[in-house]
Amino acid sequence: EAQVTQNPRYLITVTGKKLTVTCSQNMNHEYMSWYRQDPGLGLRQIYYSMNVEVTDKGDVPEGYKVSRKEKRNFPLILESPSPNQTSLYFCASSSLSYNEQFFGPGTRLTVL
Amino acid sequence: EDQVTQSPEALRLQEGESSSLNCSYTVSGLRGLFWYRQDPGKGPEFLFTLYSAGEEKEKERLKATLTKKESFLHITAPKPEDSATYLCAVQVSMNYGGSQGNLIFGKGTKLSVKP
């Protein structure tokens with residue numbers, strides 16, 4: 380089954396404790412992206428990657444890091460999480476030809 | 005500044021009562037406009053891509069149209085299962101400084117269809 384998976388689905392952590400949210404897709408897509416979704420603000424793009432070893436900032440990259448060492452994986456790293464990073468995070472992927480983005484199920488992160 | 009505005013924020017319809025959702029955009033150059041559906045607690049699900057003014061696409065009770073300033077998502081004879089939040093997103097043309105990878109989303113329209 381074609382899908383985007385994210386782990387963990389739910390995470391509660393404390394300020395300053397480094398964490399990684401994993402994202403993996405099995406569709407051989409070149410493009411992958413991370414978004415955060417907050418009430419009243421909608422979906423905002425954090426980082427995206429057009430291919431392996433190619434990443435670029437979206438609209439809200441501060442406080443986040445990403446890497447794309449393999450085509451199927453695109454982890455989101457929060458080196459020193461803060462409470463304002465409490466949010467619902469989505470990973471997405473697509474082929475460069477069709478632009479239809481497939482979204483993962485989301486990761487709900489709470490930073491205390 | 006590139007911007008996407010969706011209206012209304014929320015819409016309540018009776019089953020069978022047709023209506024339209026609006027997505028207006030101000031971007032320097034449009035490469036593509038996308039519609040997604042999002043159910044509570046789930047990731048957005050792709051519906052349509054539109055590339056040029058005058059283009060229309062249909063899927064079941066949904067029809068998306070595009071002009072130079074806005075897009076409409078028309079819902080004909082909606083059913084309760086059409087209840088969801090509908091998201092619009094734009095991709096700015098690379099000729100105007102945009103990146104193929106950068107999508108700008110609107111805040112969505114929450115649609116409720118009562119039986």
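Residue numbers (our numbering), protein chains in the order written: chain A, 380 to 491; chain B, 5 to 119.
Even for Gly, the Cβ is constructed at its ideal location relative to N, Cα and C.
As DSSP reads the structure, Lys61(B) sits in a beta bridge with Ala68(B).
Gly36(B) and Leu54(B) do touch by the CB rule: their CB atoms are close to 7 Å apart, below 8 Å. When DSSP states are grouped into helix, strand and coil, Asn463(A) belongs to the helix group. Residue state for Asp438(A) is assigned as coil, using DSSP reduced to three classes. Around the beta carbon of Arg388(A), fewer than 16 other beta carbons sit within 10 angstroms, so the residue counts as exposed. Within 8 Å of the CB of Asn26(B), no CB atom of chain A is found; the nearest one sits about 15 Å away.
Secondary structure at Asp6(B): coil, using DSSP grouped into helix, strand and coil. Look at Glu85(B) here: in three-state DSSP terms it is helix. Of all residues in the segment 39 to 54 of chain B, only Tyr40, Gln42, Gly45, Lys46, Gly47, Pro48, Glu49, Phe50, Thr53 come within less than 9 Å of chain A when Cβ atoms are compared, listed by chain position. Excluding sequence positions up to five before and after Ala88(B), its CB lies within less than 7 Å of the CB of Arg41, Gln42, Asp43, Leu115, all in the same chain and listed in chain order.
The alpha-carbon separation between Arg487(A) and Ala381(A) amounts to approximately 22 Å. With a threshold of 9 Å between beta carbons, Phe453(A) makes no contact with chain B.
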